[in-house]
Structure formats: C-alpha cells, structure tokens
Amino acid sequence: MVQGKAAMRSSESIAADILQQLGYKIIDMHRKVMINNIEISDVDIVAEKNDVKYAVEVKAGPADVSSIRQIYVNSKLLNMVPMIISRGLADEKAEELAKELNVYFISLSDQVITNLDEIYASVKEALVDFLSDFFKFVTKCDMLEEKDLKLIYSVAVSEDVIEASKIFGTSLEDFTKFLSNLHNRGILPSGKYEYISLISKLMLIFCSIKDKINTK
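All the letters of the sequence shown, read from the start, carry residue numbers 457 to 672 under our numbering.
Printed below as a string of structure tokens:
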C-alpha cells in the first residue's frame with residue numbers, strides 16, 4: 457500500500473510516465489525557481505522535447521486560474537514553456553486563460569489514486585504537515601514589524617510574486633530579497649507560491665485575532 461507522501465507523489469509519478477510515453481525527457485523534478493539566488497517557488501517537473509524545455513505543474517484535481525497563472529509566471533522566470541497536467545480544467549475561465557497564455561494542457565488519468573486507504577493516508581499526512589507549518593509560522597506575530605506585515609499582506613492577496621511586488625511597491629528583485637529575509641527568519645515557508653500565500657493569509661487572520669484578544 458502506498459502511504460502518506462508516497463501517495464501524494466503518485467500523481468507526479470504518473471504525470472512523468474505520461475510525458476515519457478509522449479516522447480518527453482524528464483530533466484528534473486521539483487525544480488526551484490530562483491531570482492538572484494533566492495528561491496521564490498518551484499515547479500513539479502522539468503521536461504524536454506525537440507530541444508524545448510517545459511515547466512510542468514501537476515494537479516491531482518482540476519487546474520484553476522490560479523494554478524495556470526502560477527505555472528505561467530514560473531515558466532517565464534525559468535525561460536521555459538508552461539504546461540499543466542491535471543484532471544481537466546476547473547471552469548471556462550481556466551480554459552480561456554490557458555489558451556490566452558499558451559499554456560500546454562495534458563489530461564491526467566483518473567487512476568492516480570484509487571484506493572480509499574491511500575487517499576486517507578495521503579490526506580492525513582498532508583494535514584499533519586500543514587498544521588505543523590501553520591502553528592510554526594502563525595505563532596510568530598510578535599516578531600513582525602510593520603514592513604513584514606505589509607509584505608505578508610502583499611503575498612496573501614496576490615496570485616504570484618510579480619503581482620505581489622507591485623502591491624508591495626518595489627521591484628521584483630528587491631521584493632524577493634525581502635521575501636528571502638522572512639524565509640531566513642522563519643516567518644514564512646519556502647516552496648510553491650500558492651502555499652506561501654495561504655500561510656500568509658492565515659497569519660494575517662491569526663495575528664489580527666491575537667491583537668484583539670490582547671487589547672481586551
């Protein structure tokens with residue numbers, strides 16, 4: 457039986473197999489997206505075909521607008537062609553955006569995870585990992601300066617790092633340095649931008665509630 461993280465990775469393994477069957481060469485898995493030696497995100501798979509490199513995002517479920525926009529940004533930062541492998545597209549908006557941004561789409565078979573025990577183990581371990589990160593980061597409200605809160609807000613309300621830098625009011629280069637500083641101080645996680653954004657949203661809510669409690 458596939459357990460925990462192994463089950464969570466099964467969709468990526470199947471996606472890699474699909475790509476190889478279609479004539480792609482798998483170059484890398486979980487390639488970090490770096491700006492000035494600072495990690496801002498990652499892509500699931502880097503594949504190559506006919507001397508063209510593809511940045512591939514794998515979704516076990518349907519790909520939504522946020523996923524498509526994120527892989528597009530990541531692919532441009534890596535100077536690659538964007539590709540989504542998922543169980544369809546979430547809606548017409550996602551479909552139109554994929555066409556507009558020229559994001560390649562490959563349908564992922566429904567057989568990625570079929571065993572209920574595998575699903576339970578996968579969800580359970582993912583939830584434990586998430587809660588561990590959640591409490592590790594959101595309990596650091598007292599460490600936050602006004603500039604930190606502004607940056608966290610920018611990440612929380614944006615779809616990607618480029619949009620966040622505009623909201624924050626600085627260049628992409630400077631923004632990634634500020635973001636890296638929060639990573640190094642243990643205030644925000646690294647990894648996929650959508651995950652960093654989710655933690656940022658929760659931090660803002662948690663810190664706001666804490667402030668209200670402390671003022672009573």
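Note that the Cβ used here is the ideal one computed from N, Cα and C, for glycine as well. All of these numbers come straight from a predicted model, not from anything done at the bench.
CB-CB length for residue i against residue j, believed under 8 Å
i       : j       : result
Ile-562 : Met-539 : 7 Å
Ile-482 : Ala-503 : 6 Å
Gln-719 : Glu-615 : The structure shown does not extend to residue 719, since the chain is modelled only from 457 through 672, so no value can be given for it.
Ser-467 : Val-499 : Not really, about 14 Å apart at Cβ, beyond 8 Å.
Val-529 : Ile-618 : 6 Å
Val-489 : Leu-557 : About 17 Å separates the two Cβ atoms, so there is no contact after all.
Leu-587 : Cys-663 : Contact flag wrong, Cβ pair sits at about 17 Å.
Backbone secondary structure at residue i - three-state DSSP
i       : result
Met-539 : strand
Arg-525 : helix
Gln-459 : With a pLDDT of only 42 at Gln-459, under the threshold of 50, the placement of this residue in the model should not be trusted, and no figure is reported.
Ile-661 : helix
Lys-515 : coil
Thr-570 : Reliability fails at Thr-570, whose pLDDT of 47 lies under 50, so the model's placement of it is uncertain and no value is given.
Leu-638 : helix
Ile-652 : helix
Ala-503 : strand
Val-489 : strand
Glu-495 : strand
Tyr-609 : helix
Val-594 : helix
Ser-467 : helix
Ile-643 : coil
Ser-588 : helix
Ser-531 : helix
Ser-614 : coil
Ser-627 : coil
Leu-553 : helix
Spatially closest choice to residue i from the options, by CA coordinates
i       : options                               : result
Asn-506 : Gln-476, Gly-544, Asp-616 and Leu-533 : Gln-476
Ser-522 : Ala-546, Lys-532, Lys-488 and Ser-646 : Ala-546
Gly-544 : Leu-478, Ala-519 and Leu-587          : Ala-519
Tyr-560 : Val-584, Lys-488, Asp-585 and Ser-531 : Ser-531
Arg-641 : Ser-621, Ala-620, Leu-583 and Asp-598 : Asp-598
Arg-487 : Gly-479, Tyr-480 and Tyr-510          : Tyr-510
Asp-589 : Ser-621, Tyr-480, Asp-630 and Leu-644 : Leu-644
Ala-516 : Gly-479, Ala-471 and Met-485          : Ala-471
Sub-8 Å separation of residue i and residue j beta-carbons
i       : j       : result
Val-508 : Ile-501 : no
Leu-607 : Leu-628 : no
Asp-604 : Leu-654 : no
Val-611 : Ile-652 : yes
Thr-626 : Asn-492 : no
Leu-564 : Ile-524 : no
Glu-548 : Ser-646 : no
Ser-542 : Tyr-649 : no
Chain C within 8 Å of residue i, Cβ atoms only
i       : result
Leu-478 : No chain C is part of this structure, which consists of one protein chain only.
Three or more C-beta pairs under 8 Å: does that hold for the stretch 587-594 against the stretch 648-662? yes
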